[in-house]
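Per the UniProt record's numbering, residue 1 is the first one in the sequence shown, and the count goes up by one each step. C-beta atoms are modelled at their ideal positions from N, C-alpha and C, and glycine is treated no differently. Following: one structure in structure tokens, then a few remarks.
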Amino acid sequence: MREQTFRLRSNLDFVALLERLRCEHGPAVTDVTGILADVDKDLEDCEAEVGRLQSRIIALHNQHRLLEQYRTYLRSFRSPIRRLPNETVLRIFEYACGMNELTSKKLGDMPTLVISSVCSRWRSLVKTRPALWSFIRINMQLIPPNEFLILGLYLESSRQSPLCIELIGKPKTLELHHQTCGAGSRFRVLSTRSRTLQECSASVYIRVLPSQDLGEIQFPWKQLRLLSLERHPSGMKNVLHICDKLTELQFREVDAGPGSYELSSPPATASVLETLSLSVSQTSLSESLAEVVFSSMSCPSLTSLLLEARNEYRRAWPKEALHTFISRSSFHLTTLSIKFIALSDADLIDLLHRLPSLLHLTIDDSKQSLATTATTPSPITSRLIHSLHAFPHTKSASVSSALVRRLQTLDVTFSGSTAFDDGEFIEMVSSRWLPADSDAFGLQVHTANHLDSGIGTECLRSVVMRFRNRGVNDKVYSPSRHLEQAGMRVVIVDKSPES
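Here it is as structure tokens:
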């Protein structure tokens, strides 16, 4: 797009203007009206040009940050390790690579795979040393329900090297044994921590209701797409088996008596479920709906997770159960909503680290709907805002990857009265503004390439910030107006004077 030249219609001759003001005869009224009209148009053009330039400044500022990161990567070409001979590098790899835990969700637990991902040279070197791929540990309870492709990769890459395999727990399927037994002639060490082999079958007939089986009720269960429940029976696997086309499942926690929320073991799989909603409530029961659901289900197709409390919910954040649920399901979540539930900023940041595919995030720290007091603790802190910055500052010299880099919409409700840094918030929002049409300003931005390489973020498209219990300084939020004029949806709502 060609830049338009900005020209004023008005001739700002203050000397001539003041002389005519002092003389007896001034210009005709019609002339003054025409001049004023030109001045008004020039003022409008100036405001539009200021907005355009402000948007360009923000884009240039982010381009400057990208250039700094690009320079950091260029400097890595001068790293001393690049001058080491291959023989020395391989000795280092042998020292660094131990057991590879193939069922772990942490890449750091698979050192051979991590090293082979650094660069083409390292990958070529690792491929020439099959022994690095021959140390394998597998937790049977964490094997994904679908294909276990990574085991095939390790067995193939280890070639004819003697294998050291450690199996932990009771296997749920014989497929793993078929894969490993195919390489039985290469076993050097085979270690197992399971006493028995479970049968690879389960009864379909599981009692769900007190007096009758769900399958005996004459109802088109296969047509159901949404199901809402106020309990979680131990036979949840049967419910999901009969209603196997569910795309949305809602749970509502109620004080319904003992046995209302029971664990399902092994976890039940909802293969096509896309939306899971939990409406939790403080009850007299020892069981927690959130803990039970997250410990009892696997949802590989889940895209939306909605968590909301209906009263002053006081239970602890189900951190371990939720993290295990995420690891077990291996889904690509795009929408996360957490309302009226107390959790720390560290727990929320930890959760967001596990959801790199997230596009839409909603956080409300109110104690309950329309409340003007915040939960304790509240996740909305400077630490959270800083972690969402597209270019987070770290004490180390290394480049730090931004959190939830694909985020497109952010909806935040803050119910505290103080301890909120407005400047840091608007700076975070501005850091995520780098639209695809930035080349209109002469900026060469390739968002997809940056994301693939772990640099930069998607362009944030919508921000809604509500303050339940405080006002805001319009001057601090003035940069948001430039972003809004450039195409971002920005809504800032503070406490009204009447409340």
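Query                                                                                                                                                                                   : Result
Do three or more CB pairs link the stretch 229 to 248 to the stretch 292 to 306 at distances below 8 Å?                                                                                 : yes
Could you tell me whether the stretch 376 to 392 touches the stretch 420 to 435, using the rule of 3 or more Cβ pairs below 8 Å?                                                        : yes
Report the residue ranges of all alpha helix (DSSP H) runs contained in full by the stretch 47 to 74; include only those spanning at least 4 residues, in chain order.                  : none
Is the beta carbon of Thr409 sitting closer than 7 Å to the one on Ser357?                                                                                                              : no
Are the beta-carbon atoms belonging to Glu253 and Ser281 less than 7 Å from one another?                                                                                                : yes
Three or more beta-carbon pairs under 8 Å between the stretch 406 to 424 and the stretch 38 to 47, yes or no?                                                                           : no
Could you tell me the distance, in whole angstroms, from the CA atom of Ile338 to the CA atom of Leu348?                                                                                : 10 Å
Can you check whether the CB of Ser277 is closer than 7 Å to the CB of Pro300?                                                                                                          : no
Please work out which residues of its chain come closer than 7 Å, Cβ to Cβ, to Glu230, disregarding the five sequence neighbours upstream and downstream, and give them in chain order. : Arg252, Val254, Ala256
I'd like the ranges of any alpha helix (DSSP H) spanning at least 4 consecutive residues and lying wholly in the stretch 65 to 137.                                                     : 86 to 96, 111 to 116, 120 to 127
If you drop the 5 nearest sequence neighbours on each side, which residues of the same chain put their C-beta closer than 6 Å to that of Ala486?                                        : Ser55
Evaluate contact between the stretch 100 to 114 and the stretch 68 to 88, counting only Cβ atoms and requiring at least three cross-stretch pairs below 8 Å.                            : no
Between the alpha carbons of Thr260 and Val476, how many angstroms are there, rounded?                                                                                                  : At residue 260 the sequence reads Ser, which differs from the Thr that was named. Those two C-alpha atoms are separated by around 50 Å.
Going by C-alpha distance, which of His332, Thr303, Leu307, Glu291 is nearest Lys319?                                                                                                   : Glu291
Given Thr196, which residues of its chain have a CB within under 6 Å of its CB, disregarding the five upstream and five downstream residues?                                            : Only weak support is given to the placement of Thr196: the predicted model assigns it a pLDDT of 36, under 50, and the value that follows is read from those uncertain coordinates. Hits under 6 Å: none found.
Tell me, please, which residues DSSP counts as bridged to His386.                                                                                                                       : Answer is none; His386 lacks a bridge partner.
In chain order, what residues of the same chain have a beta carbon less than 6 Å from the beta carbon of Arg159, not counting five sequence neighbours either side?                     : Pro130
Please report the distance separating the alpha-carbon of Pro162 from that of Met110.                                                                                                   : 18 Å
Measuring straight from C-alpha to C-alpha, what distance separates Thr373 and Leu53?                                                                                                   : 40 Å
Is DSSP giving Tyr261 helix, strand or coil here?                                                                                                                                       : strand
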